[in-house]
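Residue numbers (the working numbering): 701 to 868.
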């Protein structure tokens with residue numbers, strides 16, 4: 701068991717005839733007691749500091765563990781968000797491609813329908829022009845003919861039930 705300042709203070713030495721000077725020994729022992737008390741106090745302070753630092757170290761170790769776990773969780777969450785974003789992007793692209801195909805097919809169908817309508821209109825215009833040309837030519841023929849004789853001939857043909865093919 702280590703010495704305490706009280707043990708040093710209470711220590712009695714046996715007396716001998718030519719021994720050490722008692723006052724000198726007592727002064728020296730007083731000085732040793734003071735120094736020893738200082739050392740013990742410093743040791744306690746250092747021990748308290750060590751305990752405080754150990755508590756802080758434990759606290760920071762816990763924080764480090766928590767931060768490490770948080771970083772891992774954050775990384776996993778980021779990876780999950782990234783994967784979900786990729787999947788969503790792929791779905792959006794597929795949907796866009798499907799819509800684009802639908803729009804293209806609808807446009808092609810409309811284009812074919814319009815082309816057919818244009819062809820039909822061209823045919824109708826051609827027929828109309830041919831009929832109009834026939835009518836104009838017939839009118840020109842009337843204007844260029846003798847007049848009433850041709851009209852009478854046509855009237856008689858119409859009364860008999862014959863139609864003039866040239867007009868139509």
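Each residue gets a CB set at the ideal place from its N, CA and C atoms; glycine is no exception.
C-alpha gap between residue i and residue j, whole angstroms
i, j, result
"residue 750", "residue 767", "25 Å"
"residue 738", "residue 706", "14 Å"
"residue 821", "residue 794", "40 Å"
"residue 746", "residue 734", "18 Å"
"residue 805", "residue 833", "41 Å"
"residue 839", "residue 803", "52 Å"
"residue 773", "residue 791", "27 Å"
"residue 812", "residue 829", "25 Å"
"residue 825", "residue 785", "58 Å"
"residue 753", "residue 743", "15 Å"
"residue 719", "residue 741", "33 Å"
Proximity below 9 Å, CB of residue i to CB of residue j
i, j, result
"residue 763", "residue 729", "no"
"residue 725", "residue 713", "yes"
Helix, strand or coil at residue i according to DSSP, with G and I counted as helix
i, result
"residue 860", "coil"
"residue 711", "coil"
"residue 845", "coil"
"residue 840", "helix"
"residue 808", "helix"
"residue 717", "coil"
"residue 729", "helix"
"residue 705", "helix"
Contact set for residue i: own chain, Cβ-Cβ below 8 Å, skip 5 residues either direction
i, result
"residue 815", "none"
Proximity test, residue i beta-carbon vs the ligand ZN heavy atom, cut-off 8 Å
i, result
"residue 720", "Absent from the structure shown: the ligand ZN. Ligands present: none."
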